[in-house]
Every structure is written in C-alpha cells, then in structure tokens.
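Residue numbers (the UniProt record's numbering): 1 to 106. No residue lacks a Cβ here, since even glycine has one placed at the ideal position from N, Cα and C.
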Amino acid sequence: MKGLFYSPVRRKERRKERKKKRKKERRKEKKERKKKRKKERRKERKKEEKKERKKKRKKERRKERKKEEKKERRKERKKEKGRKKEGKKENKKGKKDRRKERKKER
C-alpha cells in the first residue's frame, strides 16, 4: 500500500525509470543472445572445417595408398615377366640340347 502515497508525478517518474531499466535489460539480454549465437556458429563452423580437413586428409591418404599399390603391382608384373622370360630361355636351351643329342645319336 506504500505506492498509494506517492504523488502522481512521482509514480509516473518511477514507471518511466522501470521502463528504462527493462529496456536496458532487454537490450543486454539481446546482446548476450547474439554473442552466444555467434559463439555457437563459430564453434559449428570450426567443427565443419575440421570434418572437411579430416575428409580431405583421408582422401589424400587413400590416393597415395592406391598409387603405392599400383607401383607395387607394376613391379610384381615386371618380376613375373622376367621369370617367364627366364623359363622360356631355359626351355629353348633344352630344345637346342635335345637337337644336339639327336645329332650325336645319328
């Protein structure tokens, strides 16, 4: 009941002050929310960028691995080819030896 004894002018001033205070608080809260949102967005962006980098790195590693495997396969093929050639040479030698043996028999 204390408020009743204030003069109308005083009441008006107090109302004005409360309004001002509320406005100030709202502005402050808005600012804080904005700050929070900004922080969240930054966090999210960083997370995304990290994900992207990880993806890129994974892709690069896979590419490198494939390259290495290809190299290894090529090396293996070359070795295999060399072995085949050696085998052919040995067979040819055998053929020549057999011919010589036949000639000797005659």
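Rounded to whole angstroms, the gap between the alpha carbons of Arg-14 and Lys-35 is 31 Å. Distance between Glu-29 and Arg-18, taken at the CA atoms: about 16 Å. The C-alpha of Glu-25 lies about 52 Å from the C-alpha of Glu-60.
In this structure, the CA atom of Lys-84 is about 16 Å from the CA atom of Arg-73. Under the three-state reduction of DSSP, Arg-106 is assigned to coil, being neither helix nor strand.
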